[in-house]
Each structure stands twice: as structure tokens, then as C-alpha cells.
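Student:
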Amino acid sequence: MEKEKIIEVKGLSKKYKSIIAVDNLDLNVYRGDVFGFLGPNGAGKSTTIRMLLSLIKPNSGSIKIFGLPLEKNRIEILKKVGAIVEKPDFYLYLNAYKNLEILGKLSGVDTSKKKIMEMLELVGLEKRAYSKVKTFSHGMKQRLGLVQALLHDPELIILDEPTTGLDPQGMKEIRELIVYLSKEKNKTIFLSSHILREVELIATRMIIINKGKAQVEGTVDELLNAEILSVTFEVDEIEKAIDLINNSQWKSILKNTIKNELLFEMKKNEISELNKFFVQNEINVNAVIPVRSLEDYFLKITEGTGK
Amino acid sequence: MITLINIELQKIFKKWRTYIGFIAVFVMTTIVQIALYLTQDDFIRSTTRALNDSFFLQGNFFNGYVVAYLILNAMFIHIPFLIVLVGGDLFAGEATAGTYRMVLTRPISKFNFVTSKFLAGFIYTFIFILFIVLISLLGSVLFFGTGELVSLKNKIIIFASNDVLWRLIGAYIYAILSMMTVMALSIFFSSMVSNAIGPIVSTMAVIIVFIILSAIPIEVLQNLRPYFFTSHLSQWNEFFNDPIDYNEIKNSAIILFAHIIALYGLTTFIFLKKDILS
Chain W
3 MEKEKIIEVK
13 GLSKKYKSII
23 AVDNLDLNVY
33 RGDVFGFLGP
43 NGAGKSTTIR
53 MLLSLIKPNS
63 GSIKIFGLPL
73 EKNRIEILKK
83 VGAIVEKPDF
93 YLYLNAYKNL
103 EILGKLSGVD
113 TSKKKIMEML
123 ELVGLEKRAY
133 SKVKTFSHGM
143 KQRLGLVQAL
153 LHDPELIILD
163 EPTTGLDPQG
173 MKEIRELIVY
183 LSKEKNKTIF
193 LSSHILREVE
203 LIATRMIIIN
213 KGKAQVEGTV
223 DELLNAEILS
233 VTFEVDEIEK
243 AIDLINNSQW
253 KSILKNTIKN
263 ELLFEMKKNE
273 ISELNKFFVQ
283 NEINVNAVIP
293 VRSLEDYFLK
303 ITEGTGK
Chain G
16 MITLINIELQ
26 KIFKKWRTYI
36 GFIAVFVMTT
46 IVQIALYLTQ
56 DDFIRSTTRA
66 LNDSFFLQGN
76 FFNGYVVAYL
86 ILNAMFIHIP
96 FLIVLVGGDL
106 FAGEATAGTY
116 RMVLTRPISK
126 FNFVTSKFLA
136 GFIYTFIFIL
146 FIVLISLLGS
156 VLFFGTGELV
166 SLKNKIIIFA
176 SNDVLWRLIG
186 AYIYAILSMM
196 TVMALSIFFS
206 SMVSNAIGPI
216 VSTMAVIIVF
226 IILSAIPIEV
236 LQNLRPYFFT
246 SHLSQWNEFF
256 NDPIDYNEIK
266 NSAIILFAHI
276 IALYGLTTFI
286 FLKKDILS
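Residue numbers (our numbering), protein chains in the order written: chain W, 3 to 309; chain G, 16 to 293.
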């Protein structure tokens, strides 16, 4: 039986004058997914998220959330959605407690002191409950942003770059919290990021977009593990190694040579065989550097050299 | 809706800029009251000089009502500026702070959101005018007592002591409607931009331009004058006429009310179609 679709996007497009921010995007997020929404800066991630939250109107396409068309069921849907859109911004002249109280009231949920303090404790901000938000660091605002997204116990949590500006420990804590929410609380999480590693660590499924278009979509395992790798072999006798390869079965997978490096495209289980081949032919292998093609591809597009 | 209005009021009254108007009114009124208290004989002499030649004046011509009337006349030109300080920030402040993203991803209707902003703005206006009443009328009556009010507009009218208070209250009620129109205009501008300075300047610019246009003695402009909302802002003065032209007050009130409805409708229409990009 197919899992329940929590988000169903078909042919979504958004144009700003002559700039196409999102171009005919399709995506599906299923119940229980930690869905990685990956793309470089300016790829159209935030525009897509804003459309998912009804902050901006698409030029074409449809969005269904919890099986309901967003446009006609905005309020019903938003009752079950928590979100951080880009950086979390609050009323700086109010304290953290008051900000949460206001947002809780807007969501129509329990805004008792006990509940708000419990939520602040979740991210270690309980001691700063009555400090004005303008005195908060970016990391503290980010954690407060997460609290406001969770305040009404939503089924779907949309997080737009939630670890931006956090120190490594803070990033780890947020990742752990996302995993906890997914595994222990059965939340569906839509996680936007421009960091492949971050998505790889916690997502179950993902999509990569660039220039508003979907590039690849699937489970993280499919996309990251069962793939052809780009592997660099660093050897000490490059001329001899090239001759050897050109006269062997490995010739077809050799893609490039730079200085004393040979670049192959190969399956994971072929790496040890090729290494054995070099050693048997008395060529010392100093390093084997695998780069997954997806990572390579992603690096290219984030560096702006992709298609 | 009540929750939304309550939240909007909390946001308004937790901001420092909200109190600029209150402080300004308090300081101005107090200075005027002290100055008049110290120079009341000179003031009476100078204002009744022209009348003394032709009339025999008897009564208390320097009293709290006179002071309140003077303050209302003096401050009415400046009150719009104090109103737009708050109105201009109602939407633009959310855009500047980026808080639209937090608020509009909550399960609230955008229509109710706009309506609550307008209603909160009007409540602020009401409280602000009430504060002016308290400081200028109540304060002056406590300081100087009550008495007759001399109105020197197109003709000399002297209102008996027991005939003044209701006129002042009527004028204040009309002033609330006038200032609500100014508030609505500033909220309208505020909904279109992401910086509060723009709506503040734009609202004042519109008011000043219309006032200048209606003052220019060109037939076309004079014919248009009744349609400028600025021509109706000061209609509270009619309460100090005798007899009062209630029809004129009613017509002006209808025009101002129509402006408020139109500005509210236009703001709602634009906001519902607006993409939240801040």
C-alpha cells in the first residue's frame, strides 16, 4: 500500500518579472519522511517553501497538503503545519516568552506559562524567557524559531535552512532534534538545505533543485549509495600507470589524468580490485579518493559550474 | 478576531514610538497651560481688547474651556503627524522585522489580519484623542475652572458656561473620526511598503498637498475642494458655531467615513493579493 502523501506538488512555477524562480516543479513528501530539499543558494528553495505556506501565490501548478488543495484550505492546513521560513524573525522589542505567547494564541493552542516554559526548555532557552529577543544571538533566535514551529504540535514541520549560523554543537543538536521529532514523535519533516552532508545525515528522501528545476529525486540510499563513484587514484609512477591501464580492462573507465592522479568512474566494489591490480604491477598507490557523482554534481552546481 | 485585535494592541503599546505622541501632547499642553497661567491677565487683555471698545464684558473669560479650545485649535494641525507615527508602522513594521513570515504561517485569515490592524489603529486613535481630552480639557478645567467661551471666527459668539462642555465633547468625537481617516490613510500606505518612513512621509505629503490645493483660489480647485478629505478634517469647528449646521457636520462625517471604508477595502484587496517576500 502506498504511503499517505503529505505534500503533493505538481507543475509548480513562479516568475518574478523575467526571472523564473521555480520552474514546473513536482515533488511528493510522504508521511514520516524526513524530506531533504537540497539546492544551492538561489535555486528556488525558499520560494517553493513560501508557496507551500501560502505566503506567495504560484503562477501555475497545484499544491496539496494533507490531501487538500492549499488555496482553498489554507487555514485548515496551517493548523497542522509548523515552519521556519529563512531566518527566524521575531518582535525584537518583546521577550521570548511574549513572542511565543502571541504566536501560540494565533495558532489557537495552550499558551499557559507551563507549556511555554516547557517548550523553551526543549532548546535550552528557559533562562532567557524574559529577555528581549533583540538581545539574542543568531543561534538563540534559530532555536527560538524551532520552538515557535513546534508550539502547536504540528504534523508537518517545514524547516528552511534550520542550522544556518549555528556552531557545530548547535548544528548537531538541531539534527538530533529533527531525528527525535521524526522517529519518536512521528512528524513529517520537510528540510531545506544547501549542505548535502546535512541532508544525507538525517533525510530519508530528497530532491535536488537548481535554477527552480528538480534535478534528481529519490531515497537518500538510492541517490547516495547505489551509484557510480568518481575515484581518484594517486600513484607514484604516472606514465607507467597510464600505459598499464591503457592495455587493460580498466581502460574504459579511466576518465582523466592530472599530474600523478588518475580519475576513474566506477562502482564501489571495483575500487579494491583496481587497487590490487596496481599493487600486483608494482605501482605504489599513495591515496584512493572516492567522490560520489552526486556530491560531485552538487558541488558543481553550488559552485555555479553546473548546467 | 478579539484575540487578533488584542495582539495588535499589545504590539502597538509595547513599542517606544507609540508613546512619542502621548509625551508630545503632555509636554505641549503642560507648557501652554503654565504659560497661560503665568500670563493670564495679558492674555485676557489682548483677546478682549477689540471687544472692550464696543461691549461691556462681564464674566470669567479665562477658564479651562478657553484653554482646552485654544489647545485643540493649536494642536489639531500636528496631531496627524503623531497618528501616522503609529499607523505607518502597523504593516511596514512587520515587513521590516520579517515577522509576516511568522504570523501569516499561522492559521489566521489574511482578511482578519488586515481588519485587526485597522481596528487596533482606530482603538489607538480613540485612546490618543481621549488622552488629549484628559490632559487639555480635564487638566485645564481643574487648573482654571469653568466659564464662558468666546468664539471669534466669522462672528463673535459667546457661549454660556453651561453651553460649552457638550460642544467640546462633540468636537472631540468628530476629531476622532478625522484622525481615524488619517490613520486609515497611513495604514493603506503602510501595507504597500516595507519601511515605516515611507508611509509616514506619504501620508503627511498627501495631507499637505490637499490642504495647499484647496487653499489656492482657482475655480477648478475650489470646485474640487468639497471632495478633498482634508476639507472635512477640521469640521469639528462647526460645533463652535451658532446655530450649528448639523447637515454640514453629517455630510463631512459621511465623506470621511466613506474614505475610511474605501481605504480599508483597498488595503484588504491589495494585501490579499500580495506576495510576502520580506
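Even glycine gets a Cβ: it sits at the ideal position worked out from N, Cα and C.
Being a predicted model, the structure only gives us computed values, none of them experimental.
1. Return the CA-CA distance between T307(W) and V101(G), expressed in angstroms with no decimal places.
2. At a cut of 8 Å, does the segment 82-91 of chain W reach the segment 148-160 of chain W through at least three beta carbon pairs?
3. Over the uninterrupted beta strand (DSSP E) stretch that includes Q217(W), give me the two end residues.
4. Is DSSP giving A211(G) helix, strand or coil here?
5. What does DSSP give as the partner residue(s) for R207(W) in the beta ladder?
6. Can you tell me the Cα-Cα spacing of S249(G) and M194(G), whole angstroms?
7. May I ask which residues mark the beginning and end of the beta strand (DSSP E) holding D25(W)?
8. Closest to R116(G) by CA distance: which of K89(W), L94(W), D112(W), K107(W) is it?
9. What span of residues does the alpha helix (DSSP H) with M119(W) cover, start to end?
10. Are the C-beta of I247(W) and some C-beta of chain G separated by less than 7 Å?
11. Using the Cα positions of Y93(W) and Y187(G), report the straight-line distance between them to the nearest angstrom.
12. Rank I215(G), V224(G), Y80(G), S201(G) by C-alpha distance to the C-alpha of S155(G) and give the top, closest one.
13. What does DSSP give as the partner residue(s) for P71(W) in the beta ladder?
14. Are V237(W) and N277(W) touching if we call contact CB-CB under 7 Å?
15. Quick check for students: name the residue ranges of the alpha helix (DSSP H) that lie wholly in the segment 235-273 of chain W, counting only runs of 4 or more.
16. What are the boundary residues of the alpha helix (DSSP H) that includes L191(G)?
17. Which first and last residues belong to the alpha helix (DSSP H) in which Y261(G) is found?
18. How far does the beta strand (DSSP E) with S56(W) in it reach, from first residue to last?
19. Do K29(G) and L146(W) have their C-beta atoms closer together than 7 Å?
20. Looking only at DSSP bridge pairs, what is D162(W) linked to?
21. Is K5(W) helix, strand or coil by DSSP?
22. Does V87(W) come within less than 7 Å of chain G when only Cβ atoms are used?
23. Residues of chain W with CB under 9 Å from A135(G), in chain order?
24. Three-state secondary structure (DSSP) at P292(W)?
25. Please classify K309(W) as buried or exposed, where buried requires at least 16 other C-beta atoms within 10 Å of its C-beta.
26. Exposed or buried, what is N177(G) when buried is set at 16 or more other beta-carbons lying within 10 Å of its beta-carbon?
27. Count the other CB atoms within 10 Å of the CB of S114(W); is the residue buried (16 or more) or exposed (fewer)?
28. Can you tell me whether L153(G) is buried or exposed? The criterion is at least 16 other CB atoms within 10 Å of its CB, across all chains shown.
29. The alpha helix (DSSP H) that contains F146(G), what's its start and end?
30. Where does M16(G) land, buried or exposed, given buried means 16+ other C-beta within 10 angstroms?
31. Can you pull the chain W neighbours of T114(G), defined as C-beta to C-beta under 8 Å?
32. Would you check if the distance between the CB atom of G141(W) and the CB atom of L168(W) is smaller than 7 Å?
33. On the DSSP bridge list, what partners appear for V83(W)?
34. Report yes or no: do three or more beta-carbon pairs, one from the segment 283-293 of chain G and one from the segment 111-127 of chain G, lie closer than 8 Å?
35. To the nearest angstrom, report how far apart F272(G) and G213(G) are at their CA atoms.
36. Helix or strand or just coil, what does DSSP make of V201(W)?
Tutor: Quick answer:
1. Unreliable positioning characterises T307(W) in this predicted model, as indicated by a pLDDT of 43, which lies under 50. A coordinate reading is not provided.
2. yes
3. For Q217(W), the enclosing beta strand (DSSP E) has its first and last residue at 215-221.
4. DSSP, read as helix, strand or coil, puts A211(G) in coil.
5. BP columns for R207(W) point to F37(W), T221(W).
6. 10 Å
7. 21-32
8. K89(W)
9. DSSP places M119(W) in the uninterrupted alpha helix (DSSP H) bounded by 115-124.
10. no
11. 34 Å
12. Y80(G)
13. Residue pairing from DSSP places P71(W) in a beta bridge opposite K66(W).
14. no
15. Counting only runs of 4 or more, we get 240-248.
16. Residue 191(G) is actually Ile in this sequence, not Leu. Residues 180-205.
17. Taken as a continuous stretch (DSSP letters only), the alpha helix (DSSP H) holding Y261(G) covers 261-288.
18. That residue, S56(W), is in no beta strand (DSSP E); it is neither H nor E in DSSP.
19. Going by C-beta atoms, K29(G) is not nearer than 7 Å to L146(W).
20. S194(W)
21. coil
22. yes
23. In chain order: nothing, as chain W lies at least about 13 Å away.
24. strand
25. Low confidence applies here, because K309(W) scores a pLDDT of 40, under 50, leaving its location unreliable; read the following figure in that light. Under this definition K309(W) is an exposed residue.
26. exposed
27. exposed
28. With fewer than 16 other Cβ atoms inside 10 Å of its own Cβ, L153(G) counts as exposed.
29. 125-147
30. exposed
31. D91, F92, Y93
32. yes
33. L158(W)
34. yes
35. Roughly 24 Å between the two C-alpha positions.
36. helix
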